[in-house]
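Heads up, the thing below is written out as structure tokens.
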Amino acid sequence: MRLSTLTLLTLTALAANESVNQATAAPNVTSSYNPVSDTENLVDEIDIEISQAELTATVSAPETWSQPELAEDSSLTTDEVVFIASASPALSVAKVSPSVGTSEFGYTVILLNTLLLISTLSPTLTLMFFWLVRRLVIRELVTETNKRLDKFDGLESQLKSSNYQSKKLVKDLEIQVRVAQKSIQFLRKEVEASKASIQELEHLKLQYLRQVQEMMMELQNYRNQTMEQVEPPGVPVPAPPMSQLPSKSTSNHPLPPKHPPTSQPLIADDFLKKGEALINERQYKQAIAACDRALEINPDLDEAWYQKGNALVRLQQYSQALECYDRALKIQPQRSDAWYNRGNVLVRLKRYSPALEAYNRALKIEPNDYAVWHNRGALLRKFQKYEQALESYDRAIMLEANHYETWHNRGNVLSQLKRYQEAISSYDRAIQINPGQFDIWANRGMALCHIHQYSEALSCYEQAISLNSKDPELWISQGGVLVKLARYEEALICYDRAISFKSDSYEAWMGRGEILTALKQYEQALANWDRVIALQPDAYQAWCQRGICLEKMEQHDDAIACFDTAIALKPDHAESWRHRGALLSRLKKYQEAIASLGKAISIQKDLRNGKKSANASQSIGDNNGFSPVPT
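When you line the sequence shown up against mature numbering (1 follows the signal peptide of the UniProt record, and there is no 0), it's residues -25 to -1, 1 to 606, in that order.
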């Protein structure tokens, strides 16, 4: 019944449309409405009257398009929709401009009515149509939005990269500016000191010239007096008897003594110069003998004690060298070089506190000595005073920035402070100065590992190995990086290379065993762990890993024995307790299993609470950071 009513209404609307077409075709229609141009022609909605002011506002307002939304519970019923459609043609003729084509309007109404009829007869199909259109529009919008977001992501990554590079350049420039400022200040001080020295030399020159003039005048007077006492030639003068010859005490011009007072210092100086030449020729024993001859003549010659100490250092006789430096400083306590070398000898003797005091004394006398600042930084690093060590290295770099050793050791200190990005920058400066040092590449790789940049770290270790392919530590480090990259076969090759250079390398055998265990090659891994235990019987990790292999090979009793040995060596090794508990649980020994697992949980809880601390990582090959003793 409902469908018939809807159909009847639709047919009525079609009939009404035909009537309207006929009515609009009549030519003699009068209206008081003035026709307007096409751009201003408006069609009002049904049964709504719009004033001229409202019409003007509506015309001037911009058009707005909105996406229709499909609601499940529409407020309009199908009957109301058909009613509105059928009522649409009933417009006032006076409101339609004669310039509008009535036939085209009629066709539009027919098309709309037809669509309404189809939507009425098949609402499900209409809903699917609008749902598909909505889905296509939304998909297009999502695609366009994703494209724009991708562009924004690319720009964001570029901005982050540019920001990082700019910060790095700013830091480098700040360091260079500080270094330049310190260099300028140092040069100004040196220029002022040079001017003062030049003035002093000029003053000494004038004094010397005056003394020479006085000596020339005295010599001229002496010659004149001598000429007055000489008889004219040709007159023989009888020789006086021996009793009448003048004595040395009564003579007006006594003869100079056979050994002048300055003869001994001159001879001591000759032996000293000979000793210095012998040190330069690396004939240290002969140099010590020459310095001893000089000291026999003049025991207060501080330079002889100093040079003898340098020769003894070359012969690694540090205690005797320390005595020589002490004798030199007792004579001349303001010798900064003697304090510096004394500090170096004390470092060799592992007397670090007096060595630091010696370096500080040297810096009080000469605060612009690069070598003292460098070695002081290395000594402070041994004391684990990393902030003070960093300050010493920075002072050394301000004085001389072209020494790769200082940049290298500075990077090691920054790594200890966990400032890995700054450490990498310091290593880069060292590599720029001297790219042929393998230990710099190795320490740079270690810093990259700390920030999980394993691919770049692998490149550093490869470069280090190309410079020193026989260092087992480099192969072990490279193997560890390859393990992080899950390239186990290549890591195994690295550990084998390390063992070929050092057959008793505990670290290489450990790394090799862990890889074999991970690759489930348990028989080979078991033989490997036996090798590790032979090298270091108290290696509790090896005992634990050996137990894991035996467990996988179903040798349960031997596995539990290995776990017990590991626990006996290190009672707080949680992994051994955990594997022991798991194996006992498999063997249905639940009481013992619960006790072992509880112990593992307790140890891990203590570790999380910070009761156990890890050892600090060590850097490779900075040779303690000390410079050699200068000759």
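Just so it is clear, CB atoms sit at the ideal spot from N, CA and C, and this is done for glycine as well.
Contacting residues, own chain, Cβ-Cβ under 8 Å from residue i (five flanking each side not counted)
i	result
Glu437	Gln453
Leu442	Gly411, Gln412, Phe413 and Trp416
Leu247	Ala265, Cys266, Ala269, Leu276, Glu278, Ala279 and Gln282
Leu559	Ile535, Tyr565, Glu567, Ala568 and Ser571
Contacting residues, own chain, Cβ-Cβ under 7 Å from residue i (five flanking each side not counted)
i	result
Tyr259	Ala286, Arg289 and Leu290
Tyr497	Cys524, Lys527 and Met528
Ile576	none
Ala330	Gly318, Leu321, Val322 and Leu354
Tyr463	Ile490, Ala493 and Leu494
Trp40	Unreliable positioning characterises Trp40 in this predicted model, as indicated by a pLDDT of 32, which lies under 50. The coordinate reading is nonetheless provided below. So the list is empty, once near-sequence residues are dropped.
Glu271	none
Cys424	Ala432 and Val456
Cβ-based burial, residue i [other Cβ within 10 Å; buried from 16]
i	result
Pro231	Note that Pro231 has pLDDT 37, beneath the 50 cutoff, so the model's placement of it is unreliable and the number below is only indicative. Under this definition Pro231 is an exposed residue.
Leu92	buried
Thr95	buried
Met373	buried
Gln359	exposed
Tyr139	exposed
Glu380	buried
Ser571	buried
His178	exposed
Arg110	exposed
Ala534	buried
Gly284	buried
Ile173	exposed
Ser136	exposed
Asn121	exposed
Val117	exposed
Leu124	exposed
Ile159	exposed
Thr5	Only weak support is given to the placement of Thr5: the predicted model assigns it a pLDDT of 36, under 50, and the value that follows is read from those uncertain coordinates. Thr5 should be labelled exposed.
Gly250	buried
Arg472	buried
Candidates the options, of which the one nearest residue i by Cα
i	options	result
Glu448	Tyr470, Glu465 and Leu525	Tyr470
Ala557	Ala543, Ser141, Lys574 and Phe246	Lys574
Glu482	Glu498, Gln499, Gln511 and Ala502	Gln511
Asp344	Val84, Trp314 and Val322	Trp314
Gly488	Ala502, Gln407 and Asp479	Ala502
Arg336	Ser311, Tyr327 and His349	Ser311
His349	Ala376, Lys393, Leu324 and Pro329	Ala376
Trp484	Ala461, Trp450 and Arg462	Trp450
residue 663	Asn409, Gln407 and Ala422	What the structure shows of the chain is the stretch from -25 to 606, and residue 663 is not part of that stretch, so it cannot be assessed.
Trp552	His531, Lys563, Gln579 and Asp532	Gln579
His378	Ser158, Lys393 and Asn409	Asn409
Ser478	Glu131, Pro274, Ile542 and Asp446	Asp446
Asn273	Glu251, Ile113 and Ile306	Ile306
Gln309	Glu341, Ser141, Gly420 and Ser430	Glu341
Ala439	Gln428, Ser430 and Gly420	Gly420
Nearest-angstrom beta carbon gap, residue j and residue i [assumed within contact, 8 Å]
i	j	result
Ala371	Val388	With a Cβ gap of about 12 Å, Ala371 and Val388 do not count as contacting.
residue 629	Thr492	What the structure shows of the chain is the stretch from -25 to 606, and residue 629 is not part of that stretch, so it cannot be assessed.
Ala243	Leu253	The pair is not a contact, with the Cβ atoms about 16 Å apart (cut-off 8 Å).
Val458	Ile426	With 8 Å as the limit, Val458 and Ile426 do not qualify as a contact, their Cβ atoms being about 17 Å apart.
Phe538	Arg561	With a Cβ gap of about 13 Å, Phe538 and Arg561 do not count as contacting.
Leu433	Leu460	7 Å
Close beta carbons around residue i, own chain, < 6 Å, minus the five adjacent residues each side
i	result
Leu338	Val347
Arg351	Tyr334 and Ser367
Gly486	Gly454 and Tyr470
Lys146	none
Trp504	Gly488, Ala517, Gln520 and Arg521
Arg302	Trp280
Asp547	Ile578
Phe476	Lys445 and Pro447
Lys70	Unreliable positioning characterises Lys70 in this predicted model, as indicated by a pLDDT of 40, which lies under 50. The coordinate reading is nonetheless provided below. Contacts found: none.
Measuring CB atoms only, is the region 416 to 427 touching the region 401 to 408, in the sense that at least three cross pairs come out at less than 8 Å? Short answer: they touch.
Counting pairs of Cβ atoms below 8 Å between the region 377 to 387 and the region 158 to 166, do you hit three or more? No, the region 377 to 387 does not touch the region 158 to 166.
Can we say the region 292 to 306 touches the region 317 to 333, given the rule of at least three CB pairs closer than 8 Å? Contact between the region 292 to 306 and the region 317 to 333 is present, because at least three Cβ pairs lie under 8 Å.
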